[in-house]
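Peer 1: There's a structure below that I have some questions on.
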Amino acid sequence: MSGSTMDTAVKYLGMSLQSPIIVGASSLTGTMDNLLEMEQAGAGAVVVKPLFEEQIIFDIKCNQKIFAPTGHYGENYALVEQTMPRDVVQNHFAFIHDAKRKLHVPVIGCLDCYQFESWINYAKRFQDAGCDALEINMSLFPYETNTSVEDFDRLFQNVISSLRRFVSIPISIRVTPYYTDMSKALMQLSWMGIQGVTVFGEQPLVDVDVETEEIGVASGRNLENRFEDTLRWTGVLSDKLRCGICSAGGVRTSEDVVKLLLCGAQAIQVSECLKENGIKHLGTLNEGLVAWMERHNYDKIDLFRGKLAVKGATKAGMQMRVRSIRNLWDVE
356 MSGSTMDTAV KYLGMSLQSP IIVGASSLTG TMDNLLEMEQ AGAGAVVVKP LFEEQIIFDI
416 KCNQKIFAPT GHYGENYALV EQTMPRDVVQ NHFAFIHDAK RKLHVPVIGC LDCYQFESWI
476 NYAKRFQDAG CDALEINMSL FPYETNTSVE DFDRLFQNVI SSLRRFVSIP ISIRVTPYYT
536 DMSKALMQLS WMGIQGVTVF GEQPLVDVDV ETEEIGVASG RNLENRFEDT LRWTGVLSDK
596 LRCGICSAGG VRTSEDVVKL LLCGAQAIQV SECLKENGIK HLGTLNEGLV AWMERHNYDK
656 IDLFRGKLAV KGATKAGMQM RVRSIRNLWD VE
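With positions in the sequence shown counted from 1, the corresponding number in my numbering is that position plus 355.
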């Protein structure tokens, strides 16, 4: 990339990134050696390994000696209790502080939460540790029959309002594809002062082992369908939200990166493809992006970003209908 005249810089969460490709939170971003290698390979930013709500509850009980309910976390909390040191939360923030000291690219914290309200008090600790921004992964899925759409909306809104009182760094909310009335709901969230929305992240696929009769994670992954969801909703949402959009989930190649930028993404998160191909794959993704820009005579990303985004508030359904009709009529 150093010999190219192409400018791959973008703005995301109010930060200037030298590349739109950032590394999403995963086990890979949990070691300093990996973070340094990611920066060297061309990552625009890194999202550190998540701090989970179960770990916060563990910290509250062990170190603050405050009662906190643990029953509804089931085996997740038991796993934390059995395998993690008492200072796991302190170590997490010390790691972030060290990363911020050693890296030149932005460092984004990640908080993976479920329902217990006390985790909100911990959000400011990400800021105090030096994070440039904070990504909130609300692990909400429509599996509970006693939880309504209105409950989900209300929880998201309460969380954002509370976070805005606690922290001043940019906040991004990661959402799942299981959201009723996606366009309207995310547009309303974007009005509440968050700086970014991440769609959708890498979610493990569920499978059943018929020999052990247990539910587990699928070994084969339907990456095409996962990426199609990311691509579709990036194009639909990017022109509607009053905040930036980061696309994640199923991204594997530089062509995927270009597609998402054309649909309006400000940044693209990758993680699984680095596990499969190594951290140096970041260089391949960046080089492929630059090569495409050179072929199409774009010297800046902003010259083509959002070119294929759905424009206007009422055209998305019609555009999808046109594509469906063309496909059924076998029209190119």
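Glycine included, C-beta positions come from ideal geometry on N, C-alpha and C.
Source: prediction; values computed, not measured.
So, for S371: in the same chain, excluding its five sequence neighbours on each side, which residues have a beta-carbon less than 7 Å away from its beta-carbon?
Peer 2: Taken in chain order, the residues that qualify are A364.
Peer 1: Which residue from Y469, R587, V665, G556 puts its Cα closest to that of E627?
Peer 2: If we check each option's Cα against that of E627, G556 comes out closest.
Peer 1: Are D487 and V462 closer than 7 Å when you measure CB to CB?
Peer 2: The answer is yes: Cβ separation under 7 Å.
Peer 1: How long is the line joining the alpha carbons of D508 and V612, rounded to whole angstroms?
Peer 2: If you take the alpha carbons of D508 and V612, they lie about 30 Å apart.
Peer 1: Just mark E408 as buried or exposed, buried being the case when its beta carbon has 16 or more other beta carbons within 10 Å.
Peer 2: E408 comes out buried.
Peer 1: Quick check on DSSP: helix, strand or coil for I528?
Peer 2: Reduced to three states, the DSSP call for I528 is strand.
Peer 1: When DSSP labels each residue in this structure, what does Q624 get in the three-state scheme?
Peer 2: It is a strand residue.
Peer 1: I need the DSSP call for M493, collapsed to helix, strand or coil.
Peer 2: DSSP places M493 in strand when its eight states are reduced to three.
Peer 1: What's the C-alpha gap between V625 and K416?
Peer 2: Taking the straight line joining both Cα atoms gives about 34 Å.
Peer 1: Could you work out which residue in W588, T438, D388, K630 is closest to G661 when comparing CA atoms only?
Peer 2: Of the listed residues, the one whose Cα sits closest to G661 is W588.
Peer 1: Give a yes or no on contact between the region 390-399 and the region 449-465, applying the rule of three or more CB pairs nearer than 8 Å.
Peer 2: Touching, yes.
Peer 1: Tell me the DSSP secondary structure of M673 in three-state form.
Peer 2: Legend: pLDDT at M673 = 49, less than 50; position of this residue unreliable, value from coordinates given subsequently. The answer is helix: DSSP assigns M673 an H, G or I state.
Peer 1: DSSP on K479, reduced to helix/strand/coil?
Peer 2: The answer is helix: DSSP assigns K479 an H, G or I state.
Peer 1: Assuming the contact rule is C-beta atoms closer than 8 Å, A664 and S593 should be a hit. Round their C-beta distance to whole Å, please.
Peer 2: About 5 Å separates the two Cβ atoms, so the contact holds.
Peer 1: Three-state secondary structure (DSSP) at V522?
Peer 2: In the structure shown, V522 sits in coil (DSSP, three-state: anything other than H, G, I, E or B).
Peer 1: Excluding the 5 residues flanking E394 on each side, which residues of the same chain have their C-beta closer than 8 Å to its C-beta?
Peer 2: Same-chain partners within the cutoff: V401, L458, H459, V460.
Peer 1: Measuring only the C-alpha atoms, how far is K630 from T553?
Peer 2: Near 20 Å, if we compare the C-alpha coordinates of T553 and K630.
Peer 1: Would Q410 be called buried (16 or more neighbouring beta carbons within 10 Å of its own) or exposed?
Peer 2: That one is buried.
Peer 1: What residue range is occupied by the uninterrupted beta strand (DSSP E) comprising A603?
Peer 2: Where A603 is concerned, the enclosing beta strand (DSSP E) stretches over 599-603.
Peer 1: Identify the continuous alpha helix (DSSP H) that holds Y533 and give its terminal residues.
Peer 2: No alpha helix (DSSP H) contains Y533, which DSSP labels as neither H nor E.
Peer 1: In whole angstroms, what separates the C-alpha of T360 from that of A646?
Peer 2: If I take the Cα positions, the gap works out to 11 Å.
Peer 1: Could you give the C-beta distance for F521 and M493, rounded to a whole number, given that I count them as a contact under 8 Å?
Peer 2: Rounded, the Cβ-Cβ distance is 16 Å, inconsistent with contact.
Peer 1: Where does W474 land, buried or exposed, given buried means 16+ other C-beta within 10 angstroms?
Peer 2: Flag for W474 reads buried.
Peer 1: Do D584 and P532 come within 7 Å of each other at the CB atom, strictly closer than that value?
Peer 2: Their beta carbons are under 7 Å apart, which means P532 touches D584 by this criterion.
Peer 1: For A603, collect the residues of the same chain with a Cβ closer than 6 Å to its Cβ; drop the 5 residues on either side in sequence, then sort them by chain order.
Peer 2: So the qualifying residues of the chain are G379, T553, G556, Q624.
Peer 1: Can you tell me whether DSSP reads V606 as helix, strand or coil?
Peer 2: V606 falls in the coil class under three-state DSSP.
Peer 1: Drop a sphere of 10 angstroms on the beta-carbon of N446, count the other beta-carbons inside from all chains shown, and report buried for 16 or more, exposed for fewer.
Peer 2: Result: exposed.
Peer 1: Run through the DSSP bridge pairs and tell me what K655 is partnered with.
Peer 2: In the DSSP output, where bridge partners are listed per residue, K655 has D362.
Peer 1: Using a Cβ-based criterion (distance less than 6 Å to any ligand heavy atom), does I463 qualify as near the ligand PLP?
Peer 2: The ligand PLP is not among the ligands present in this structure, which contains no ligands whatsoever.
Peer 1: Report the three-state DSSP secondary structure of E566 (helix, strand or coil).
Peer 2: In the structure shown, E566 sits in coil (DSSP, three-state: anything other than H, G, I, E or B).
Peer 1: Could you check how far apart the C-beta atoms of R581 and G605 are, in whole angstroms? I think they sit under 8 Å.
Peer 2: Yes, R581 and G605 are in contact; Cβ-Cβ is about 4 Å, under 8 Å.
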